[in-house]
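Asks: Okay, handing you the structure first.
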Amino acid sequence: MTDFSKTRSMFDIPDGMTYLNGNSLGPMPKAAPEAMDRFLKDEWRTEIIKGWNTKGWFMQTNTLGDRVGKLIGAPAGTTVVGDTLSIKVFQAVSAGLALVPDRRVILSDNGNFPTDLYMVEGLMKLKDDGYELRIPDPEMVLDSITEEVAVIMVTEVDYRTGRKHDMKAIIEKAHKCGAVVVWDLAHSAGAIPVDVGGLDTDFAVGCTYKYFNGGPGAPAFIHVAQRLMDVVEPSLSGWYAHEAPFAFDTDFRPMPGAIERMRIGTPSIASFAILEVALDIWDHVDMNDLQERSIELSNLFIKEVEARCEGVTYAGIRDPQARGSHVSFRFEHGYACMQALIAEKVIGDFRAPNVMRFGITPLFIGEADIHKAVDTMEAIIKNETWREDRFQARGLVT
Ligand SMILES: *Cc1c(COP(=O)(O)O)cnc(C)c1O
4 MTDFSKTRSM
14 FDIPDGMTYL
24 NGNSLGPMPK
34 AAPEAMDRFL
44 KDEWRTEIIK
54 GWNTKGWFMQ
64 TNTLGDRVGK
74 LIGAPAGTTV
84 VGDTLSIKVF
94 QAVSAGLALV
104 PDRRVILSDN
114 GNFPTDLYMV
124 EGLMKLKDDG
134 YELRIPDPEM
144 VLDSITEEVA
154 VIMVTEVDYR
164 TGRKHDMKAI
174 IEKAHKCGAV
184 VVWDLAHSAG
194 AIPVDVGGLD
204 TDFAVGCTYK
214 YFNGGPGAPA
224 FIHVAQRLMD
234 VVEPSLSGWY
244 AHEAPFAFDT
254 DFRPMPGAIE
264 RMRIGTPSIA
274 SFAILEVALD
284 IWDHVDMNDL
294 QERSIELSNL
304 FIKEVEARCE
314 GVTYAGIRDP
324 QARGSHVSFR
334 FEHGYACMQA
344 LIAEKVIGDF
354 RAPNVMRFGI
364 TPLFIGEADI
374 HKAVDTMEAI
384 IKNETWREDR
394 FQARGLVT
């Protein structure tokens with residue numbers, strides 16, 4: 004059994020704060036400052052350029068990639084970290100299209116996170132070769148998989164509602180129709196059990212600053228099925244993907260048969276130092292325990308909010324097996340209400356037009372946090388505190 008009081012003790016969360024936003028940016032692991040200090044003093048300062056060899060920096064894309072891979076069910080050697088998720092989406096979709104060169108349809112859904120859709124739009128413009136992006140309602144994705152479709156690019160867990168796609172059904176139908184699937188696991192990785200290897204997905208991408216707690220701007224990851232490793236096209240063909248980066252050849256030859264071909268260029272090694280200790284916490288966690296605890300806490304939260312907060316309606320999925328690990332509520336004055344919650348140190352976030360979103364992250368959230376959040380929300384709504392002027396101003400980031 005996972006000991007969640009132990010994992011909680013591994014985070015440094017400000018006193019009195021109830022942090023329900025680990026789905027967007029995880030809090031700081033206690034080990035992070037020391038890890039950064041160690042990196043600065045014992046690696047960068049002392050080794051400087053030698054560190055690429057002596058401290059293993061050059062292959063951290065893979066060593067950390069394997070550790071992330073383990074948490075999403077990917078076999079060793081099929082995942083690398085680096086770059087940002089938007090870039091990894093571009094890279095995976097582009098590689099997917101190259102695998103199905105005779106088709107021109109990319110299928111996603113209109114609930115997908117905008118950057119995923121924007122990156123595909125940019126890719127289509129760049130290719131300028133008659134590509135079409137279809138974005139039906141999420142519920143219609145499965146039925147929209149036809150033999151016209153080259154690549155299906157979907158996010159497993161909806162960033163607003165928490166609704167989960169049926170990965171197995173989508174992958175099976177896609178493969179039957181000769182299409183390639185790119186899964187965005189931004190809201191799945193570290194939130195729920197995922198088995199990319201068992202489901203034989205073609206590509207999976209995600210980030211490490213949400214549930215994996217790697218810190219703002221922590222690297223993204225990309226997984227490619229082993230069976231594709233020889234043929235997958237690294238369209239962002241940087242020198243880190245080259246067969247022999249230090250041969251400094253003038254022509255690009257991708258690293259044969261290895262995930263290195265999805266690397267691009269020099270990654271942020273400072274950021275890897277933090278990710279490494281953030282991932283240590285996961286050595287103590289069983290994903291099934293995590294999901295069970297998340298469901299318990301989410302159900303409690305939903306039930307209490309619905310019973311006590313007038314005008315606030317649950318915006319998510321009732322069946323706990325069909326959702327991720329965040330819960331969302333609609334409230335007409337959602338933005339101001341969230342600001343009032345944050346002023347009381349209950350931290351969630353807001354997604355337009357009216358959704359208040361809360362990440363349920365058992366690694367550092369327990370029942371007491373849920374009760375505090377509900378008590379606070381109930382008081383804000385009863386007293387109409389959200390009406391105060393100071394809660395109306397919008398920040399650059401919501
Ligand atoms: C968080 C998130 C992103 C963010 O992309 P970045 O490049 O890291 O800014 C992209 N897609 C999805 C589905 C997300 O949830």
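Position 58, counted from 1, in the sequence shown is what the working numbering calls 61; the numbers after and before it change by one each time, with no gaps.
For every residue, glycine included, the Cβ atom is placed at its ideal position computed from N, Cα and C.
On a predicted model such as this, the values are computed, not experimentally measured, just so you know.
1) Are the beta-carbon atoms belonging to residue 327 and residue 353 less than 8 Å from one another?
2) As a quick exercise: from 391, 278, 356 and 318, pick the residue whose alpha carbon is nearest that of residue 332.
3) Reducing DSSP to helix, strand and coil, say where residue 349 ends up.
4) CB of residue 318 to nearest heavy atom of ligand 1: below 7 Å?
5) Buried or exposed: residue 205, going by 16 or more other Cβ atoms within 10 Å of its Cβ?
6) Taking the alpha helix (DSSP H) that residue 178 belongs to, which residues open and close that run?
7) From residue 288 to residue 29, what distance separates their C-alpha atoms?
8) With a threshold of 16 other CB atoms inside 10 Å of the CB of residue 4, please say whether the residue is buried or exposed.
9) Please say whether residue 38 and residue 276 have beta carbons closer to each other than 8 Å?
10) Quick one: any contact between the segment 247-262 and the segment 174-184, if contact means 3 or more CB pairs under 8 Å?
11) So, does the segment 122-142 touch the segment 260-275, judging by three or more C-beta pairs under 8 Å?
12) Can you find a CB in chain D that lies within less than 8 Å of the CB of residue 335?
13) Per DSSP, which one or two residues make a beta bridge with residue 32?
14) When the distance is taken between beta carbons, is residue 282 closer than 8 Å to residue 363?
15) Tell me residue 209's beta-bridge partners as DSSP assigns them.
16) According to the neighbour-count rule (16 or more other Cβ atoms, all chains shown, within 10 Å of its Cβ), is residue 188 buried or exposed?
17) Determine the contact status of residue 21 and residue 376, defining contact as a CB-CB distance below 8 Å.
18) Is there contact between the segment 292-309 and the segment 85-102, where contact requires at least three CB pairs shorter than 8 Å?
19) May I ask whether a heavy atom of ligand 1 can be found less than 7 Å away from the beta carbon of residue 162?
Replies: Let me spell this out:
1) no
2) 318
3) strand
4) no
5) buried
6) 170-179
7) 16 Å
8) exposed
9) Taking 8 Å as the cut-off, the beta carbon of residue 276 is found closer than this to the beta carbon of residue 38.
10) no
11) no
12) Protein chains in the displayed structure number just one, and chain D is not present.
13) 14
14) Not a contact, by the Cβ cut-off of 8 Å.
15) 224
16) buried
17) yes
18) no
19) yes
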